[in-house]
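Following: one structure in structure tokens, then a few remarks.
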Amino acid sequence: MNMRSKFPRALTLALSLVTFSTWSGCAEIQQIAEESARRSGDERMAKIIHGSGTVVSGLLPISYEEEQSIGAAIALQVVARYGGVYDQPEITRYVNLVGRAVALTCDRPDIPYHFAVLNSDSINAFAAPAGYVFVTRGLLKQIRNEAELAAVLGHEIAHVSQKHILEVIQRSKRLAGVSEAGLAYAHQNPDVFKNLIDAAAKKLLDEGLDQEKELEGDSLGEVFAARVGYDPTAYVVLLNRLRVLKGDDKAFFKTHPNFSNRINAVQQVIQTHGWKPTGVLLENRFARLRGKI
Amino acid sequence: MKRPSRLAAPLVTLLLLSLYLLTGVALAETVFVQSKTAKLRSGKTSLDSVVADLKFGEPLEVLSKEGNWLAVQTARGAKGWIFAGKTTPTKPAGSEDDVLAKLGKSFRRTEAGDVTASAGARGLDKVSEGYANRVGITQQHRDAIDRMAAYRINDQEVEDFLKQGGLGEYAK
Numbered sequence: 031m032n033m034r035s036k037f038p039r040a041l042t043l044a045l046s047l048v049t050f051s052t053w054s055g056c057a058e059i060q061q062i063a064e065e066s067a068r069r070s071g072d073e074r075m076a077k078i079i080h081g082s083g084t085v086v087s088g089l090l091p092i093s094y095e096e097e098q099s100i101g102a103a104i105a106l107q108v109v110a111r112y113g114g115v116y117d118q119p120e121i122t123r124y125v126n127l128v129g130r131a132v133a134l135t136c137d138r139p140d141i142p143y144h145f146a147v148l149n150s151d152s153i154n155a156f157a158a159p160a161g162y163v164f165v166t167r168g169l170l171k172q173i174r175n176e177a178e179l180a181a182v183l184g185h186e187i188a189h190v191s192q193k194h195i196l197e198v199i200q201r202s203k204r205l206a207g208v209s210e211a212g213l214a215y216a217h218q219n220p221d222v223f224k225n226l227i228d229a230a231a232k233k234l235l236d237e238g239l240d241q242e243k244e245l246e247g248d249s250l251g252e253v254f255a256a257r258v259g260y261d262p263t264a265y266v267v268l269l270n271r272l273r274v275l276k277g278d279d280k281a282f283f284k285t286h287p288n289f290s291n292r293i294n295a296v297q298q299v300i301q302t303h304g305w306k307p308t309g310v311l312l313e314n315r316f317a318r319l320r321g322k323i
Numbered sequence: 013m014k015r016p017s018r019l020a021a022p023l024v025t026l027l028l029l030s031l032y033l034l035t036g037v038a039l040a041e042t043v044f045v046q047s048k049t050a051k052l053r054s055g056k057t058s059l060d061s062v063v064a065d066l067k068f069g070e071p072l073e074v075l076s077k078e079g080n081w082l083a084v085q086t087a088r089g090a091k092g093w094i095f096a097g098k099t100t101p102t103k104p105a106g107s108e109d110d111v112l113a114k115l116g117k118s119f120r121r122t123e124a125g126d127v128t129a130s131a132g133a134r135g136l137d138k139v140s141e142g143y144a145n146r147v148g149i150t151q152q153h154r155d156a157i158d159r160m161a162a163y164r165i166n167d168q169e170v171e172d173f174l175k176q177g178g179l180g181e182y183a184k
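Rendered as structure tokens:
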């Protein structure tokens, strides 16, 4: 009796092909192996190879194209829940110019960033994946100069550049036992895709990102704005003003760390870099638009 | 007495040369371009002519420092000045991650057939439009996201904005 059955040899070959395709980045090779197993009548092996690809795809990060779909879906929720976009052409242009100047020097400058003002009096700012950044009219009213606005936008840009919200999606899909969240999945399972987006929007808008992500946003936002040349102390002044205004507002702190921690994080960055006040605040350029906010 | 090998002198020279080169390498400081747009200039002001346009993540060897400007040499041998705010001592993150992301998409696409997003100038693609339908997002809000994504400001306009504000390399 032949002790070497056909199955282990096929298994070895197929697994080798899958492993090779994993490392070489050729999903086509995985597909060939899967088809080959199916043609030879080994449906079980075809499923194993297929499953290996799914596991691999679930472990890999979300592509930019997929990020665009996710980002637009979350951005829709932000706009719907915060009074829509405030369409004032001069303010839109100004916020986009400041935001893009900051984004040029962030850690992920090769994707387009889009900025809009939300028609809401609440004091807040948000970012969705793929570069959607929002600031409320309420927060704009508290800002005194361009350097402060640059730091606020820098904080949100950092959430995009560090893929903080995508991490939430990755975590949610793992909890939901879903190995994918991309375009293909959204088409095949729109309900599960909707649940993932809803969960991410809830985290972003109601619960807030993890405190360490918010503090990282503050630190990097400070760095990005300083790289452009804005006064590095401007963000501390703004955070102090908001601390006085918000006090110990529990609703606000549901989505953000308390101001003392945030100010400490920013001051730590200033100290590490040895930055001094430069006076580059551009108050006049900002003031010209204040009446239109 | 045994005569020293004829190879001794060249070997000592080679050793000394290696030491010199190694020391040189150890002393040389490398920075990386940390901006989507960065110019290598012939002098240390924004008024000096542009020697080369630099790419994000490009390594530069630092030759000297003066104020907010660095004298650098590119890998292709071009020498000039760059505003220090557009550089970073560590290689910017992202490229490795993006390779993995593309690989992930490749696998997922295999399972999906030819499903594609039509991002283009619009913010919403088929997937996000489908989501909007499911949760009942109004047309007004969908249009807002489309307008937001389609809003165009080019790099030159941003450069002019920086110049007007005296920011970055245009600092007064």
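Which chain is which? The protein sequence lines are G and Y, in order. In this text, residue positions in the first sequence follow our numbering: the first is 31, and each later residue adds one. In this text, residue positions in the second sequence follow our numbering: the first is 13, and each later residue adds one. Even glycine gets a Cβ: it sits at the ideal position worked out from N, Cα and C.
Alpha-carbon to alpha-carbon, Y/I149 and G/V253: Distance between the alpha carbons of G/V253 and Y/I149: 36 Å.
Please confirm if the stretch 159 to 169 of chain G is in contact with the stretch 181 to 190 of chain G, defined as three or more CB-CB distances below 8 Å between the two stretches. Contact between the stretch 159 to 169 of chain G and the stretch 181 to 190 of chain G is established, with three or more Cβ pairs separated by less than 8 Å.
So with CB distances below 7 Å, who are the chain Y contacts of G/N126? Residues of chain Y with a Cβ closer than 7 Å to the Cβ of G/N126 are, in chain order, Y163, I165.
With 8 Å set as the bound, which would you pick, yes or no: does the beta-carbon of G/T302 sit closer than that to a beta-carbon of chain Y? No, G/T302 does not count as interfacial toward chain Y.
What does the Cβ neighbour count give for Y/R88, buried or exposed, with the cut at 16 atoms within 10 Å? Looking at its Cβ environment, which holds fewer than 16 other Cβ atoms inside 10 Å, Y/R88 is exposed.
If you scan the stretch 46 to 71 of chain Y from start to end, which runs of the beta strand (DSSP E) of 3 or more residues do you find wholly inside it? If we require 3 residues or more, the beta strand (DSSP E) runs fully inside the stretch 46 to 71 of chain Y come out as 50 to 53, 62 to 66.
Please go through the same chain and pick out, in chain order, the residues whose beta-carbon is closer than 6 Å to the beta-carbon of G/K233, but skip the five residues on each side of it. The answer, listed in chain order, is V198.
Under 8 Å, Cβ to Cβ, is there at least one residue of chain G near Y/A183? Yes, Y/A183 counts as interfacial toward chain G.
Closest Cα partner of G/D137 within the set G/R292, G/Q297, G/S249, G/L311: Measuring from the Cα of G/D137, the nearest candidate turns out to be G/S249.
Hey, Y/D137 and G/S99 are a contact pair by Cβ (cut 8 Å); roughly how many whole angstroms apart? That belief holds up - the Cβ atoms of Y/D137 and G/S99 are roughly 6 Å apart, short of 8 Å.
Put G/L9 into one of helix, strand or coil per three-state DSSP. The requested residue 9 of chain G is not part of the displayed model; chain G covers only 31 to 323.
Name the DSSP beta bridge partners of Y/E78, please? Y/W81, per the DSSP bridge assignment.
Give the residues of chain G in contact with Y/A144, contact being defined as C-beta atoms less than 8 Å apart. Within 8 Å Cβ-Cβ: A103, L106.
Could you name the residues of chain Y that G/Y162 contacts, counting a contact when the two beta carbons are closer than 9 Å? What G/Y162 touches in chain Y: G135, I157, M160, A161.
Rounded to whole angstroms, how far is the Cβ of Y/E171 from the Cβ of Y/T49, which I believe are closer than 8 Å? Right, their Cβ atoms sit about 7 Å apart.
Every unbroken alpha helix (DSSP H) within the stretch 231 to 261 of chain G, with a cutoff of 4 residues, ordered by chain: Fully enclosed alpha helix (DSSP H) runs of 4 or longer: 241 to 258.
Check whether the Cβ of Y/L174 lies closer than 8 Å to any Cβ atom in chain G. Cβ-Cβ to chain G under 8 Å: yes for Y/L174.
Label G/E96 either buried or exposed according to how many other C-beta atoms from any shown protein chain fall within 10 Å of its C-beta, with 16 as the threshold for buried. Here G/E96 is buried: its Cβ has 16 or more other Cβ atoms, across all protein chains shown, within 10 Å.
Would you mind telling me which residues of chain Y sit closer than 7 Å to G/S99, beta carbon to beta carbon, in chain order? Chain Y residues near G/S99: A129, D137, V139, S140.
Where do the ends of the beta strand (DSSP E) carrying G/H144 lie? Counting along the chain, the beta strand (DSSP E) containing G/H144 begins and ends at 144 to 148.
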